[in-house]
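Residue numbers (mature numbering (1 follows the signal peptide of the UniProt record, and there is no 0)): -20 to -1, 1 to 799.
Beta carbons: idealized from backbone N, C-alpha and C, even for Gly.
As the structure is a computational prediction, the values presented were derived from the model and not from experiment.
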Amino acid sequence: MKGTIILFFFLFTFLVTCNALDNINTNQPLRDGETIVSEHGEFEMGFFSTRVLPQNRYFGIWYKKISNGTVVWVANRDHPVTNTSGVVTVTSKGIVVLADETILWSSNSSTSVNDPLAQLLDSGNLIFRDKKDGTENIVWQSFDHPVNNFLPGMKLGIDFVTGMQRYLSSWKSADDPSSGNFVYRYDPNGYPQVDLWGGSNLSYRTGPWVGDRYSGIPKIQNEIYTVQYVISEKEIYYKFKVTNTSESAIVRSMLTPEGVLKRLIWNKQNQQWTEYLSLPVNDCDSYRLCGENGVCNINNAPKCECMQWFHPNFQKAWSAADWSGGCARKTQLNCENGDGFVKVSGVKLPDTRLSWYNLNLHLRECKRRCLNDCSCMAYSNIDDRGGGSGCLLWFGDLIDMRYTEDGQDLYIRMAASELDEDKRSSTNRVIVIVLPVLAAMTVILVLLLLYAFRKRKLERTRTMRLGPNGHASEGINKDELDLPLFTFMQIAEATNGFSFSNKLGEGGFGPVYKGMLDKGQEIAVKRLSKTSRQGVDEFMNEVSSIAKLQHRNLVKLLGCCVEEEERMLIYENMPNRGLDSVIFDKSADKDLSKSFDWKKRYNIIKGIARGLLYLHQDSRLRIIHRDLKVSNILLDCEMNPKISDFGMARIFGGSETQASTTRVVGTYGYMSPEYAIEGIFSTKSDVYSFGVVVLEIVSGKRNRSFEHPDHNHNLLGHVWTSYKKGNHLGVVDSVIRESYNQYEVFRVIQIALLCVQQYPEDRPSMASVVLMLSSKIELAIPKEPGFYSERNPRQIHPSSSNRESETFNQLSITSLAPR
């Protein structure tokens, strides 16, 4: 009984002591078993052990509120305490870790303080200061001595005044915090870059800073954190901080024991770290993979190649995939004969350790400096944003280049004989001699060709405008159709004479028929109906919009037919027909409908998003679809979605983002408020339509024909009220309730609500939507949707309950009643 009382008293004393310390000072050391928590409980510090090495005790800092146990900093990583006698105390010179009165680690600052204090901040920074001076006068801080974690507010770089280097060093293994094999640090030689060393071998480098990121690192639309890069005579550093709009986000970077730098974001819903960015990205990031003057292309096989003005140094080894020998010039430079430069675009800039830079020079002056120095091999801008600024010169061989989508322009020095402009100047004398003769012959030839071309064009136009029965074909000219042409007989034979058994369906354009060409290729034929309200404008618009688009989530246009009065578009056939036939028509194919589980729907949603992103941003011209709806999403044999029907699409120039029209076209239920009411459309109009499509996919219900016994809202209104009540389950299609991932469904519904917000400026771009669907970043809270409180569509159009209502309006729409 006496022993039990003594044990209880010991435990009670221990519990009272633990977590009782707010700071460490000379009178209050921190012993093993005690911890200190930061002011608002974000971080905690004390002694800890790992699973593999339980006998070793380390003094460190770890997350307290989230991911408890994730260590972000270790003091005595290479000198662990081997028992529980560890003590942390402070002296006038700094913080000390002791074991049996032996010093295992010390911060040791050159400055002495009268009233020393060690304090853990909510940023995860352990500071040493004079108690009277406050946190503004820090004598020493752990942020200046990172281990393997890089936290917001930390600096990664070099202080040239003090000589301090801030760099990351990996753990030996996931359970051993001692110094590992990899170090990630700035190299100040030439123009600074960050190198990843594995022992004595350089395994990866970031490339130089180019204004908003390091060269070679993909551009990412990031709304979670901002970065700061400073380069001056006193210091160079990189740091990041969480944005004001994402204050609740928790972000960190970590150098793994395997030598991978990962940027991680805490996912509150899943309670785990989500990888946001990882470096190196792929094999092409391996340092010097292609040797000197070689360029890596991850999309090619083999990966390494010599630029067109170079050849392999060792052809036999190069052919055997040993690229370490690199490439040599085909023509050696001769500075006295007047060298010049060729531009190579889209590359990760070469190793800058043997480089010179000036942050203020313009590109033209940069070229002049390189040209005047015979040892200069290449030049480039430093900041490639906008007009570009800064000058970066390379001397010697160009090492560690790769092609990348967001790469920079590099101007490489070439011998005069290699340059096109010099070749042209060398032939000037010949041109001057024969110019009069050639000019006369050219004029005669051009006149003859123009006469023949005009005559042929007139004959073609007449044939196209008038068929055998003399009826007009509305002025369609073959020369305007930049794609293959099919004859009427070819299509008639392929569709069995446009038989009813080959008919797949009918839309606003007209009927769609299934067919098969002579070569066995299955096709779908859209045949413009004589009663259709769509005409030549829509037909030509669809041809011009989609003819040259190539994307896995866009339907492929194979050709067209414009014989006699016919206007037909020939597409690749989609065996699983339209998405609406699978979601809404449950009786059409019960087996297919039942097998249409959440995984398939989620993949379709992501595919539609990627297709729209291509139209809005990645295609050669920005294209706004204007009629995105479930029936315009076709499914191939593997249930991959293909966006179709570009008759209403509008092509924008590179700088255009918005337009207006007096002819509002589209489909009720999918049109955004600003387009339906004011005729203003932009990429955000398509985003709104995408949000409606997503909610229809999740719920299995049409937006406009939706009915509910408790209210008269459409589907958007029902989802909005359910979301506010937290009743996501009431929105989900019963078919997928057994297969759905609750977290994914809830997340997709929230993304869809962000897309259908009333005001276009509140809606995300498709680039942000794709990022939200493919990652687990925290989502914004959606605002009220547009057009969510309409009357029941049957009260407006009694005959429209089983069909989509297509709208053509010369002025405005008066039948909608938005809030």
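Q. What did DSSP end up calling P416 once you bin it into helix, strand or coil?
A. In the sequence shown, counting from the first residue as 1, residue 416 sits at position 436. When DSSP states are grouped into helix, strand and coil, P416 belongs to the helix group.
(Q) Between P126 and R146, how many whole angstroms is the CB-CB distance? I'm expecting something under 8 Å. (A) Taking the sequence shown and counting its residues from 1, one reaches residue 126 at position 146. Taking the sequence shown and counting its residues from 1, one reaches residue 146 at position 166. About 6 Å separates the two Cβ atoms, so the contact holds.
Q: Name the one or two DSSP bridge partners that A98 has.
A: In the sequence shown, residue 98 corresponds to position 118, counting from 1. Under the DSSP definition of a beta bridge, A98 partners with I4, F108.
Q.
In whole angstroms, give me the CA-to-CA distance for Y720 and G646.
A. Here the question's residue 720 lines up with position 740 in the sequence shown. Here the question's residue 646 lines up with position 666 in the sequence shown. Straight-line Cα distance between these residues: approximately 32 Å.
Q. If we count Cβ pairs, one from each stretch, closer than 8 Å, do we get three or more for the segment 37 to 57 versus the segment 15 to 26?
A. yes
Q) Exposed or buried, which one is M554 when buried takes at least 16 other CB atoms within 10 Å? A) The count along the sequence shown starts at 1 and reaches residue 554 at position 574. Counting Cβ neighbours within 10 Å, M554 comes out buried, since at least 16 surround it.
Q. Are at least three pairs of beta-carbons, each pair with one atom in the segment 213 to 230 and one in the segment 264 to 284, less than 8 Å apart?
A. No, because fewer than three Cβ pairs between the segment 213 to 230 and the segment 264 to 284 fall closer than 8 Å, the two stretches do not touch.
Q: Assign M357 to one of two classes, buried (16 or more other C-beta atoms within 10 Å of its C-beta) or exposed (fewer than that).
A: What you label residue 357 is simply residue 377 of the sequence shown in a count that begins at 1. Result: buried.
**Q.** Reference Q530; option with closest CA among R590, L106, R581
**A.** Locating residue 530 in the sequence shown gives position 550, where the first residue counts as 1. It is R590.
Q. What first and last residue would you give for the alpha helix (DSSP H) that runs through A656?
A. Position 676 of the sequence shown, counted from the start, is the residue given in the question as residue 656. Run containing A656: 653 to 658, per the alpha helix (DSSP H) assignment.
**Q.** G320 versus Y267 - alpha carbon distance
**A.** Counting from one through the sequence shown, the residue named residue 320 turns up at place 340. Counting from one through the sequence shown, the residue named residue 267 turns up at place 287. Taking the straight line joining both Cα atoms gives about 28 Å.
**Q.** With 16 other Cβ atoms within 10 Å as the buried cut-off, status of N692
**A.** Start at 1 with the first residue of the sequence shown, and residue 692 comes out as number 712. When all chains shown are included, N692 counts as exposed.
Q: Can you grab the Cα-Cα spacing for the pair S405 / S397, in whole Å?
A: What you label residue 405 is simply residue 425 of the sequence shown in a count that begins at 1. What you label residue 397 is simply residue 417 of the sequence shown in a count that begins at 1. A caution first: S405 carries a pLDDT of 48, below 50, which makes its placement in the model unreliable, though a value can still be read off. Going by the C-alpha atoms only, they are around 11 Å apart.
Q. Which residues in the same chain as L97 place their Cβ atom closer than 8 Å to its Cβ, once the five residues preceding and following it in sequence are excluded?
A. Here residue 97 refers to the residue found at position 117 when the sequence shown is read from its first residue. Once the five neighbours on either side are set aside, the close Cβ partners of L97 are N3, I4, N5, V70, F108, R109, D110, K111.
Q. Which residues bound the alpha helix (DSSP H) around L164?
A. As a first step, residue 164 is located in the sequence shown; it is residue number 184 there, counting from the start. What sits at residue 164 in the sequence shown is Tyr, not Leu. First-last for Y164: 156 to 167, but that is the beta strand (DSSP E), not the alpha helix (DSSP H).
Q | Buried or exposed (CB count within 10 angstroms, at least 16 for buried), Y431 | A | Working through the sequence shown from its first residue, we reach residue 431 at position 451. So Y431 ends up on the exposed side.
Q) In terms of residue numbering, what span does the beta strand (DSSP E) encompassing F39 cover? A) On the sequence shown, position 59 is the one that residue 39 refers to. Counting along the chain, the beta strand (DSSP E) containing F39 begins and ends at 38 to 43.
Q | Where the alpha helix (DSSP H) containing I585 begins and where it ends | A | Taking the sequence shown and counting its residues from 1, one reaches residue 585 at position 605. Taken as a continuous stretch (DSSP letters only), the alpha helix (DSSP H) holding I585 covers 578 to 593.
Q: Assuming R507 and F468 form a contact by the criterion Cβ under 8 Å, report the distance between their Cβ atoms to the nearest whole angstrom.
A: In the sequence shown, counting from the first residue as 1, residue 507 sits at position 527. In the sequence shown, counting from the first residue as 1, residue 468 sits at position 488. The Cβ separation is near 10 Å, so there is no contact.
(Q) For Y582, tell me which candidate among D498, S481, I729 has the shortest Cα-Cα distance. (A) Position 602 of the sequence shown, counted from the first residue, corresponds to residue 582. When each option's Cα is compared against that of Y582, the closest is I729.
**Q.** the segment 603 to 612 / the segment 650 to 664 touching (three or more Cβ pairs under 8 Å)
**A.** yes
Q) According to DSSP, which residues form a beta bridge with F23? A) The residue you call residue 23 lines up with position 43 of the sequence shown. BP columns for F23 point to Y43.
Q. Can you give the Cα-Cα distance for D616 and V231, rounded to whole angstroms?
A. As a working mapping, residue 616 is identified with position 636 in the sequence shown. As a working mapping, residue 231 is identified with position 251 in the sequence shown. Distance between the alpha carbons of D616 and V231 is about 40 Å.
Q.
Is it the case that the segment 362 to 382 contacts the segment 180 to 191, given that we only count it when at least three CB pairs across the two stretches are under 8 Å?
A. yes
Q) Are there 16 or more other CB atoms within 10 angstroms of the CB of R440, so buried, or fewer, so exposed? A) Here residue 440 refers to the residue found at position 460 when the sequence shown is read from its first residue. Residue placement at R440 is poorly supported in this model, since its pLDDT is 49, which falls under 50; the coordinates are not used for a value here.
Q | Contact belief for T663 with S745 at Cβ below 8 Å, rounded distance in angstroms | A | What you label residue 663 is simply residue 683 of the sequence shown in a count that begins at 1. What you label residue 745 is simply residue 765 of the sequence shown in a count that begins at 1. Right, their Cβ atoms sit about 7 Å apart.
Q) Since A552 contacts K536 with CB under 8 Å, what's their CB separation in whole angstroms? A) Counting from one through the sequence shown, the residue named residue 552 turns up at place 572. Counting from one through the sequence shown, the residue named residue 536 turns up at place 556. A small fix is needed here, since residue 552 is Glu in this sequence, not Ala. Indeed they touch by this definition, with Cβ atoms about 5 Å apart.
Q | Residue range of the alpha helix (DSSP H) that includes I471 | A | In the sequence shown, counting from the first residue as 1, residue 471 sits at position 491. 468 to 474 is the extent of the alpha helix (DSSP H) around I471.
Q: For the alpha helix (DSSP H) holding V725, just list the boundary residues, first then last.
A: Residue mapping note: residue 725 aligns to position 745 of the sequence shown, counting from 1. That run of the alpha helix (DSSP H) goes 722 to 735.
Q. Among residues of its own chain, excluding the 5 on either side of D713, which ones have a beta-carbon nearer than 7 Å to its beta-carbon?
A. Locating residue 713 in the sequence shown gives position 733, where the first residue counts as 1. V678, S679, G680.
**Q.** Ordered list of alpha helix (DSSP H) runs contained in the segment 324 to 373, each at least 4 residues
**A.** Counting only runs of 4 or more, we get 343 to 352.
**Q.** Through-space distance from L10 to I75, alpha-carbon basis
**A.** Position 95 of the sequence shown, counting from 1, holds the residue named residue 75. Position 30 of the sequence shown, counting from 1, holds the residue named residue 10. Each residue's alpha carbon lies about 11 Å from the other.
**Q.** Sub-7 Å separation of D560 and S611 beta-carbons
**A.** As a first step, residue 560 is located in the sequence shown; it is residue number 580 there, counting from the start. As a first step, residue 611 is located in the sequence shown; it is residue number 631 there, counting from the start. It is a contact, given that the beta carbons lie within the stated cut-off.
**Q.** Short Cβ contact (7 Å threshold) for C286 with C307
**A.** In the sequence shown, the residue the question calls residue 286 occupies position 306. In the sequence shown, the residue the question calls residue 307 occupies position 327. Yes, they are a contact pair.
Q: Look up G178 in the DSSP assignment and give the residues it is bridged to.
A: Locating residue 178 in the sequence shown gives position 198, counting from the first residue. DSSP lists F162, N181 as partners of G178.
Q. From which residue to which residue does the beta strand (DSSP E) around E562 run?
A. Taking the sequence shown and counting its residues from 1, the one referred to as residue 562 is at position 582. According to the sequence shown, residue 562 is Val rather than Glu. That residue, V562, is in no beta strand (DSSP E); its alpha helix (DSSP H) goes 559 to 563.
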